[in-house]
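Since the structure comes first, as structure tokens, the remarks are kept for the end.
Residue numbers (the UniProt record's numbering): 1 to 272.
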């Protein structure tokens, strides 16, 4: 991260590349997995951090989260002032835009921070500090109510959202890694390696857990080839079932059918 005065936004300007519907897979996963947490929150606020040169992703995030939690408000946060000014005509009830960065300039604690394609331009060594800073801004867990607290979702996708990998973190730190794809576009599961988040993309080398996982993913995909005659979805489901024998997959068939698989962070975390 850049060194700036405390009164200025924390971070650096991104390229701002964005497209409508690019983050649909991430949005739908958040709505399904975090929707109950948003519903139990009196005033749930979601932050679209670094939405880019156009506000499409913030507009779509509001629409998708409100299907799961109708009281949700979305704040789009951008470090480039011109982008914030350009987004203002899209502001509406439940959707506002603010100038800022990793300090997340919203009142109180947000229930969700989504940072998609933001950290890709940073060094791997900078990721942990950014994660820690953003997690500290989340709604804390509350054992009395069973709340696990807010959620940070940070990851990377291609330009049209066919392939996406993200890490989900709570106030306590990283929880899971999710791989999501349009199944018809996939030759091998390891095709997703190019979309690994910054914390993992340089770790796809022999001896690292994420490399072993993608190797096993490809092997399971090859073993499930006979199921391709029933469609790519059935092959994917069979593949993930094989993975569960050796890897801590945390979701089930309802998510697998969407072209997803989620694995506990600890199993893929980089070696020290």
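All residues carry an ideal CB built from backbone N, CA and C; glycine is no exception.
Meets three-Cβ-pair contact criterion under 8 Å: the segment 153 to 170 and the segment 82 to 92: Flag = no, the segment 153 to 170 and the segment 82 to 92 do not touch.
Collapsed DSSP secondary structure at residue 97 in the structure displayed: Correct three-state label for residue 97: strand.
Beta-carbon proximity of residue 156 to residue 219, cut-off 7 Å: It is not a contact, given that the beta carbons lie outside the stated cut-off.
Assigned exposure category for residue 206 - 16 Cβ within 10 Å defines buried: By the neighbour-count rule (16 or more Cβ atoms within 10 Å), residue 206 is not buried but exposed.
Segment contact, 8 Å Cβ cut-off, at least three pairs: the segment 144 to 155 with the segment 230 to 249: With a cut-off of 8 Å, the segment 230 to 249 and the segment 144 to 155 do not count as touching, because too few Cβ pairs lie within range.
DSSP-derived helix/strand/coil call for residue 125: Correct three-state label for residue 125: helix.
Cα-Cα separation, residue 183 to residue 8: Between the C-alpha atoms of residue 183 and residue 8 there is a straight-line separation of about 43 Å.
Cβ pair residue 11, residue 101 closer than 7 Å: Taking C-beta atoms as the reference points, residue 11 and residue 101 count as a pair closer than 7 Å.
Three-way DSSP call (helix, strand, coil) for residue 266 in this model: Assignment of residue 266 by DSSP, reduced to helix, strand and coil, places it in the helix class.
Bridge-paired residues (DSSP) for residue 114: Beta bridge pairing from DSSP links residue 114 with 48, 153.
Assumed close pair residue 268, residue 209 - CB separation to whole angstroms, cut-off 8 Å: Rounded to the nearest angstrom, the Cβ distance from residue 268 to residue 209 is 5 Å, consistent with a contact under 8 Å.
Contact check, residue 47 vs residue 113, beta carbons under 7 Å: Yes, Cβ-Cβ distance for residue 47 and residue 113 is below 7 Å.
Residue range of the unbroken alpha helix (DSSP H) whose run includes residue 255: Taken as a continuous stretch (DSSP letters only), the alpha helix (DSSP H) holding residue 255 covers 253 to 256.
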